[in-house]
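Beneath this line is the structure, given in structure tokens, with notes to follow.
Given below as structure tokens:
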């Protein structure tokens, strides 16, 4: 036990620190974008990400997995914020955490054994497509300089590691582009400060200013239940994906308990509910962040950037961040589903496509996973074939 704990903190210290810093740079625009999506001030997403990362670092079950404010959950918050205000969102976030902690106690993580392989492939492919689509906004109406800077970013990311590996190439790309745009005084380049102002203050404890009555519970419960289910689904599937990437088997129920505790803390510190993020988790692992130190580094670096280096963070070009996210799209997408489609069973391909289309059409990961899973088992029942999970259970 002691050796396992030591490995989770002391393995490849330099690499994990740098990987966490790299993941932070991807978290910043996402946290801002998800705040806008939910209809709340930008700092709400930042506070949520800091709180969730700090708590999940110590209580989570999957070292190296990045959890933060999430787009899949942000879309579920808009109605609550619009109709009842931000204080109800904080209360709903706390309740979401309580529900997720209960999911961990009830060991619902074992349900992931019944999610078919086609659904998992569809999940990651849909995520890659959604991430790609989310970056298109930065190219709309952009000048040729945007395309050049993105190309330079991708060149640094893919070419530099052949000759220099001391610093993760995405982090190096951000540093080079930020300095280059500033030094050359390039005009017409969109920076983080053009998207939102970042409030340079520490998150502080708040008690949601709502009536603590049954009426309030009836208002927030439907939202919290939806948030808990979507967060559970995305977190468990992301954990499956990272486990396969690292060749490890980690505790899903412990992760859900950690996610629950993290969301409770986020709600009490002015943050929105969140869960594991595929893109940032993949980026962290690809950069060498497989220990708890990487998530702690991401949390502290984001806190440092927000509170002390907000002016520097504001100068980061969106082209650099868009380039990183495009790299993540390429890494996340399961290219075998395209290049080796003839060798994949027809049922698995159809289930994968239904999952992808459902997620991309609705922008709801839970709907895609449910649709793909139902199709898989309905197909199996119609053909009289049991799934591998059901056979193992039998």
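In UniProt numbering, the protein residues as written are 1 to 394. Note that the Cβ used here is the ideal one computed from N, Cα and C, for glycine as well.
Asked, Found
"Could you give the C-beta distance for residue 97 and residue 260, rounded to a whole number, given that I count them as a contact under 8 angstroms?", "5 angstroms"
"With a 10 Å radius around its C-beta and 16 neighbouring C-beta atoms as the bar for buried, classify residue 215 as buried or exposed.", "exposed"
"Quick check on DSSP: helix, strand or coil for residue 191?", "strand"
"In chain order, what residues of the same chain lie with their CB nearer than 7 angstroms to the CB of residue 297, ignoring the 5 residues before and after it?", "16, 17, 20, 21"
"Is the distance from the Cβ of residue 61 to the Cβ of residue 295 below 8 angstroms?", "no"
"If you compare alpha carbons, which of 272, 311, 268 is closest to residue 223?", "272"
"Please identify the residue among 89, 268, 182 whose C-alpha is closest to the C-alpha of residue 217.", "89"
"Would you tell me roughly how many angstroms separate the C-alpha atoms of residue 146 and residue 120, rounded to the nearest one?", "34 angstroms"
"Let me know the secondary structure DSSP gives residue 392 once reduced to three states.", "Any reading at residue 392 needs caution, since the residue's pLDDT is 49, under 50, leaving its predicted position unreliable; the model's value is listed next. Helix, per DSSP."
"Tell me whether the beta-carbon of residue 29 lies closer than 8 angstroms to the beta-carbon of residue 157.", "no"
"State buried or exposed for residue 394, treating a residue as buried only when at least 16 other CB atoms are found within 10 Å of its CB.", "In this prediction, residue 394 has a pLDDT of 45, which is less than 50 and means its spatial position is unreliable; what the coordinates show is noted afterwards. Burial call: exposed."
"Could you work out which residue in 208, 244, 374 is closest to residue 354 when comparing CA atoms only?", "374"
"Buried or exposed for residue 337, going by 16 or more other Cβ atoms inside 10 Å?", "buried"
"Who are the near neighbours of residue 265 in its chain, counting only those whose CB is closer than 7 angstroms to its CB and skipping five residues on each side?", "51, 55"
"Kindly indicate the opening and closing residues of the alpha helix (DSSP H) around residue 35.", "13 to 38"
"Please list the segments of the alpha helix (DSSP H) lying wholly inside the stretch 195 to 278, counting only runs of 4 or more residues, in order along the chain.", "214 to 246, 252 to 268"
"Under 8 angstroms by Cβ, that's how I've got residue 25 and residue 171 pegged, so tell me the actual separation to the nearest angstrom.", "7 angstroms"
"Note down the Cα distance separating residue 122 from residue 351, rounded to an integer number of angstroms.", "8 angstroms"
"Among 381, 254, 237, 312, whose alpha-carbon lies nearest the alpha-carbon of residue 59?", "254"
"Let me know the secondary structure DSSP gives residue 380 once reduced to three states.", "helix"
"May I have the straight-line CA-CA distance separating residue 109 from residue 144, to the nearest angstrom?", "47 angstroms"
"What is the rounded straight-line gap between the Cα of residue 392 and the Cα of residue 48?", "The predicted position of residue 392 is uncertain, since its pLDDT is 49 and thus under 50; a value taken from the coordinates is nonetheless stated next. Rounded to whole angstroms, residue 392 to residue 48 spans 39 angstroms at the Cα level."
"Rounded to the nearest angstrom, what separates residue 99 and residue 274 at their Cα positions?", "13 angstroms"
"Look up residue 168 in the DSSP assignment and say whether it is helix, strand or coil.", "coil"
"In terms of alpha-carbon separation, which member of 252, 244, 169, 165 lies closest to residue 324?", "169"
"Since residue 189 contacts residue 149 with CB under 8 angstroms, what's their CB separation in whole angstroms?", "7 angstroms"
"Taking 8 angstroms as the cut-off, does the stretch 231 to 247 touch the stretch 29 to 44 (at least 3 CB pairs, one atom from each stretch)?", "no"
"Around the C-beta of residue 339, are 16 or more other C-beta atoms found within 10 angstroms, so that it is buried, or is it exposed?", "exposed"
"With H, G and I counted as helix, E and B as strand and the rest as coil, what does DSSP make of residue 42?", "helix"
"Which stretch, first to last residue, makes up the alpha helix (DSSP H) that contains residue 320?", "318 to 332"
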